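Protein chains in written order, with the numbering used here: chain Y, 1 to 358; chain P, 1001 to 1358. Virtual Cβ for every residue (Gly too), placed ideally from N, Cα, C. These numbers come from a predicted model, not from an experiment. The structure appears below as structure tokens.
Number of protein chains: 2
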Amino acid sequence: MRRLLLTPGPTPLPPSVLKRLGAPILHHRTREFKDLFAGLQAGLKSVFRTRRDVLVMAASGTGAMESAVCNLLSANDRVVVHVTGVFGERFVKIVRAYGLDPVVLEEAWGDPADPGRLRETLRRERGVRAVFFQHVDTSTAVVNDVRALADVVRKESDALTVVDAVSSLGGERLETDGWALDVVVSASQKGLMCPPGLAYACVGDRAWAVSSVCRSPRFYFDWRAMRKGLPESQTPFTPAISIVTAQCEALRLMSKHGLPRIWAKTASLAEHTRAGLRKMGLELFSKAPAHVLTAACLPEGVDGKALIRDVRAKTGISMAGGQGRLEGRIVRIAHMGHINRRDVDAGLKALKAYLHKA
Amino acid sequence: MRRLLLTPGPTPLPPSVLKRLGAPILHHRTREFKDLFAGLQAGLKSVFRTRRDVLVMAASGTGAMESAVCNLLSANDRVVVHVTGVFGERFVKIVRAYGLDPVVLEEAWGDPADPGRLRETLRRERGVRAVFFQHVDTSTAVVNDVRALADVVRKESDALTVVDAVSSLGGERLETDGWALDVVVSASQKGLMCPPGLAYACVGDRAWAVSSVCRSPRFYFDWRAMRKGLPESQTPFTPAISIVTAQCEALRLMSKHGLPRIWAKTASLAEHTRAGLRKMGLELFSKAPAHVLTAACLPEGVDGKALIRDVRAKTGISMAGGQGRLEGRIVRIAHMGHINRRDVDAGLKALKAYLHKA
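What follows is the structure, encoded as structure tokens:
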């Protein structure tokens, strides 16, 4: 049976990316790899919309999220986490693991982060060192207004802004330099059309200054070591070579299409998906629906876990269910990266057939 | 030009492993992936020679090394690092990053770790919590007598034994359970014939007991989270799916050959390589030469960095030079994993031709 992924990570890989993945491996201390790594830098700068270097880790996106905690904060520092879903909760867990007691500003799930509430919080809390939030929280399919939130942080505090763009990068407009974002983290397996295994952090000058005095223990995720090797296109530890190769090819494809065109295509696919779901009588879950994926509420009596499993078994199409407290209650369809309209239509059709029967 | 890797990581990938790498990606929350992950567990248990679970991380080997520090030790704990090369030094750096002041027991480079010296050290130092050493330190091509060292640790102290088997696993005999090793860490890209990107930790009961009271901050590398998902074949964060798939295939190949036969083949290749180097008039660098790779001293006046670069440019064959203080002074030839006698002979021939000219 064919296999079609409409899941928000991993996403389907373009044929030329698969071909690079399956090519004989090269050694990472060679001119060939250095050229490749330099190309990776150029491509990543272009999707992050930045002139800064982009740090590259062999890890999942969570590794890059943790790197933003352990390079910027020391135990007992004051931070705010603006939570709009499971991945906001993950930031809360990470900062707690490092001995911090975060101010947790949680929205009702499905609602975006409210810049007004963040403003009030920052006016009330003194000495906040960093504010964490998601661009898109994949669990709720909510897109946050990164620009407005970052403006609030800058106006109301000296805190650093840390943005999780793991599922949004390459699909939703994000301007790292233009919006003066201190730290943006992302990963390879969503909009960037690669297998999971590479994580990225784009770090601005204010964050670099803080990292040099940060006292949290770190080694593998130490940004300073990663930065040291960049002029020579080296990573401090063995890089995930095959995925670097694949990522270069995926970035080449993206640059051929042009980022604004990819944003527009993703937005249009999102519009199409929402319309299709509404036509089926389903209500969208998110009050601020993302472009990279769409979540819909399931009718009473429909078991979301069974739906995902049965649709996959019957059609080979993988959609995502709910995570955490949303388990079984929603269905999520990704339309980022290599996913096209025909794929989404196949997913909508399979969903409709299942719901009709159920 | 063909490309032949005789480097100690990454090592060449078998064709069937490459094929799996380049196959369309699957989703990790599916029955298909669970079955795959269960197979990965079974295969890893077989190469680690253990009945324990093997923890799987999306990271380089250094990530697994760090995991053994941050899950077992708290700031100011007493530890011993028995150093036989660059990777021993890496353990020193990691434990220092976590606020520990290790007792560093360093051998002259090229010498193996002396169990007698370790015994003296443990008799002198009180309250040592853990002893770290390499099975093979890739930088010096030295193999340490893991069994004897672990026996000393057990007899002289209550310390945990932490063994870095990143470059030895699958190539040199290692008995995790049989030798009662508390922690063994490894990675995918050497004897296990996969791309870099997966790291492993095999953790025994005594180490689990310590990890539950360890106060070092950790999240991505927290063993407890990794263990929680294992009964359901889940990793806490998105796994490096493509490499998991490839690793399953490589482990299948290894199980088809049988581990003792692979050990014997690796030992015989090592013997062959040493003989070839001696015949060229080169002296072996290591006093206890490993089976997985061989290091030879370069004659006075030969620039090791130029040698590696020129041989690669001329023949497509990648060998490794020296690391750290050995930079430019030695050449290292790997003969682990998918590397066969013909490959080694091609390397020896290229080396001979270069030295003849130089």
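If you draw a straight line from the alpha carbon of residue 1155 of chain P to that of residue 1037 of chain P, how long is it in whole angstroms?
37 Å
At the level of alpha carbons, what is the spacing between residue 1197 of chain P and residue 226 of chain Y?
Between the alpha carbons of residue 1197 of chain P and residue 226 of chain Y lies a distance of about 16 Å.
Should residue 1356 of chain P go down as buried or exposed, given a rule of 16 or more other Cβ atoms within 10 Å for buried?
Per the 10 Å Cβ criterion, exposed.
Helix, strand or coil: which one does DSSP assign to residue 1134 of chain P?
strand
Can you tell which of P/1251, P/1238, P/1160, P/1207 has its C-alpha closest to the C-alpha of residue 1187 of chain P?
P/1251
Consult DSSP for residue 115 of chain Y and reduce its assignment to one of helix, strand or coil.
helix
Members of the stretch 294-322 of chain Y near chain P, C-beta cut-off 9 Å
308, 309, 312, 313, 318, 320, 321
Chain-order list of residues whose beta-carbon lies under 6 Å from that of residue 1176 of chain P (same chain, five-residue window excluded):
Taking residue 1176 of chain P as the centre and dropping the five residues before and after it, the same chain places the C-beta of 1048, 1049, 1050, 1184, 1202 closer than 6 Å to its C-beta, in chain order.
Any contact between the stretch 1240-1247 of chain P and the stretch 1013-1027 of chain P? By contact I mean 3 or more CB pairs, one from each, below 8 Å.
yes
Would you mind stating whether residue 296 of chain Y and residue 277 of chain Y have Cβ atoms separated by less than 8 Å?
yes
Have a look at residue 151 of chain Y and residue 121 of chain Y and give me their C-alpha separation to the nearest angstrom.
14 Å
Tell me, to the nearest whole angstrom, how far the beta carbon of residue 1142 of chain P is from that of residue 1102 of chain P; I am working on the premise that it is less than 8 Å.
In this structure, residue 1142 of chain P and residue 1102 of chain P do not form a Cβ contact; the two beta carbons are roughly 20 Å apart against a cut-off of 8 Å.
Going by other Cβ atoms of all chains shown within 10 Å of its Cβ, with 16 needed for buried, is residue 139 of chain Y buried or exposed?
buried
Distance, Cα to Cα, residue 1285 of chain P vs residue 1098 of chain P?
33 Å
Give the residues of chain Y in contact with residue 953 of chain P, contact being defined as C-beta atoms less than 8 Å apart.
It is not possible to answer for residue 953 of chain P, since the shown part of chain P is limited to 1001 through 1358.
Please list the partners that residue 7 of chain Y has in chain P, where partner means a Cβ-to-Cβ separation under 7 Å.
1027
Report yes if the C-beta distance between residue 992 of chain P and residue 1078 of chain P is below 8 Å; otherwise report no.
The structure shown does not extend to residue 992 of chain P, since chain P is modelled only from 1001 through 1358, so no value can be given for it.
Pick out the complete beta strand (DSSP E) segments inside the stretch 1253-1322 of chain P, 3 residues or longer, and give them in chain order.
Within the stretch 1253-1322 of chain P, the complete beta strand (DSSP E) segments of 3 residues or longer fall at 1293-1297, listed in chain order.
Per-residue DSSP class, three states only, for residue 194 of chain Y
coil
List the residues of chain P that residue 189 of chain Y touches, going by C-beta distances under 7 Å, in chain order.
1238
How would you call residue 1190 of chain P, buried or exposed, if buried means at least 16 neighbouring beta carbons within 10 angstroms?
buried
Name, in chain order, the residues that DSSP records as bridge partners for residue 106 of chain Y.
Y/83
Does the distance from the C-beta atom of residue 118 of chain Y to that of residue 146 of chain Y stay below 8 Å?
no
Contact under 8 Å by Cβ, residue 136 of chain Y with residue 107 of chain Y
no
Whether or not the stretch 1001-1009 of chain P and the stretch 322-329 of chain Y are in contact is what I'm after, with contact meaning three or more pairs of Cβ atoms, one per stretch, closer than 8 Å; do they touch?
no
Could you tell me whether the Cβ of residue 333 of chain Y comes closer than 8 Å to any Cβ of chain P?
No, residue 333 of chain Y lies away from the interface with chain P (no Cβ there is under 8 Å from its Cβ).
What residue range does the beta strand (DSSP E) around residue 332 of chain Y cover?
Bounds of the beta strand (DSSP E) holding residue 332 of chain Y are 330-334.
Please determine, among P/1129, P/1133, P/1055, P/1231, the residue with the shortest C-alpha to C-alpha distance to residue 1092 of chain P.
P/1133
Amino acids of chain Y, ordered along the chain, whose beta-carbon sits closer than 7 Å to that of residue 1354 of chain P:
Result: empty, since nearest Cβ-Cβ is about 17 Å, beyond 7 Å.
What are the start and end residues of each continuous alpha helix (DSSP H) run of 4 or more residues lying completely inside the stretch 223-252 of chain Y, in chain order?
Unbroken alpha helix (DSSP H) runs of no fewer than 4 residues, entirely contained in the stretch 223-252 of chain Y, are found at 223-229, following chain order.
Determine, using beta carbons only, whether residue 14 of chain Y comes closer than 8 Å to chain B.
Included in the structure are the protein chains Y and P, with no chain B among them.
Is the separation between the beta-carbon of residue 1308 of chain P and that of residue 1350 of chain P shorter than 8 Å?
no
Separation of residue 58 of chain Y from residue 1060 of chain P, as counted between CA atoms:
6 Å
Quick one: grab the DSSP three-state call for residue 13 of chain Y.
Coil, per DSSP.
Looking at C-beta atoms only, is the number of pairs between the stretch 1328-1339 of chain P and the stretch 1287-1294 of chain P that lie closer than 8 Å three or more?
Counting C-beta pairs closer than 8 Å gives three or more between the stretch 1328-1339 of chain P and the stretch 1287-1294 of chain P, which meets the contact rule.
Looking only at its own chain, which residues have a Cβ that is under 8 Å from the Cβ of residue 1283 of chain P, when we skip the five neighbours before and after it?
1296, 1297
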